[in-house]
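Undergrad: Encoded as structure tokens, here's the structure I'll be asking about.
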Amino acid sequence: MSSDLALYEIRLGIFATPEAMQEVLTAARRTLADRYPSSTAECFDATTDAEPGAGDSDRMSVAELYSELPEQWSIEHPGENPGTREVFELRSAILATEGTAGSAVTELTALLCPDPEHAGPCEIPWSSSTSAAQDTDSAHRDDLERRYSYLRESTGL
Numbered sequence: 145m146s147s148d149l150a151l152y153e154i155r156l157g158i159f160a161t162p163e164a165m166q167e168v169l170t171a172a173r174r175t176l177a178d179r180y181p182s183s184t185a186e187c188f189d190a191t192t193d194a195e196p197g198a199g200d201s202d203r204m205s206v207a208e209l210y211s212e213l214p215e216q217w218s219i220e221h222p223g224e225n226p227g228t229r230e231v232f233e234l235r236s237a238i239l240a241t242e243g244t245a246g247s248a249v250t251e252l253t254a255l256l257c258p259d260p261e262h263a264g265p266c267e268i269p270w271s272s273s274t275s276a277a278q279d280t281d282s283a284h285r286d287d288l289e290r291r292y293s294y295l296r297e298s299t300g301l
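Numbering (my numbering), first residue to last: 145 to 301.
So, in structure tokens, the structure goes:
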């Protein structure tokens with residue numbers, strides 16, 4: 145079983161108010177803690193200078209990583225003021241099988257869009273990506289393993 149476990153990083157870009165982001169982060173942490181004990185969740189905001197863990201040559205701010213989200217909101221809400229909305233990134237990691245990691249992605253994205261078949265735009269514009277440490281280049285894999293090594297240590301792997 146333990147040989148089937150891999151490290152996955154789940155990233156959600158979100159354009160929301162700080163209060164809405166806190167609600168999403170709290171719900172994500174609760175979901176992960178309740179269902180996926182070998183997991184973690186962190187939040188980064190648009191003022192984060194660079195993508196956490198990025199190499200010097202590919203550093204981007206969180207705002208740059210998700211620059212399409214404010215534009216998407218403006219298109220979906222013509223003439224409206226975005227108020228205090230800003231770009232955030234919720235970054236989670238999970239040590240799991242591929243199927244379990246897929247379930248975690250589904251549950252986390254459901255926090256932002258409970259009904260993917262709904263008509264109209266989502267209340268909070270978002271995007272997601274998932275990467276498996278074993279499927280990335282060696283520099284990215286090493287970074288993920290270093291950043292989330294405590295997940296392996298907590299399970300004795």
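C-beta atoms are modelled at their ideal positions from N, C-alpha and C, and glycine is treated no differently.
For W270, collect the residues of the same chain with a Cβ closer than 8 Å to its Cβ; drop the 5 residues on either side in sequence, then sort them by chain order.
TA: Result list for W270: L156, G157, I158, F159, L213, T253, L256 and C257, in chain order.
Undergrad: Roughly how many angstroms lie between the CA atoms of M145 and A240, to the nearest whole one?
TA: Confidence in M145 is poor, its pLDDT being 45 and thus under 50, which makes the residue's placement too unreliable to answer from.
Undergrad: Do you know whose CA, among I238, E251, E242 and A164, lies nearest R229's CA?
TA: When only C-alpha atoms are compared, the closest one is A164.
Undergrad: To the nearest whole angstrom, what separates the beta carbons of T175 and E224, a pair I think is in contact under 8 Å?
TA: T175 to E224, Cβ: 30 Å. No contact.
Undergrad: Would you kindly work out how many angstroms separate the C-alpha atoms of H221 and S298, rounded to a whole number?
TA: Looking at the two C-alpha atoms, the distance is approximately 45 Å.
Undergrad: Across which residues does DSSP place T184 in a beta bridge pair?
TA: BP columns for T184 point to A237.
Undergrad: Roughly how many angstroms separate the alpha carbons of T244 and Y152, rounded to a whole number?
TA: Approximately 10 Å between the Cα atoms of the pair.
Undergrad: Which runs of the beta strand (DSSP E) fall wholly inside the segment 206-285 and span at least 3 residues, in chain order?
TA: Entirely contained in the segment 206-285, the beta strand (DSSP E) runs reaching 3 residues are, in chain order, 230-240 and 270-276.
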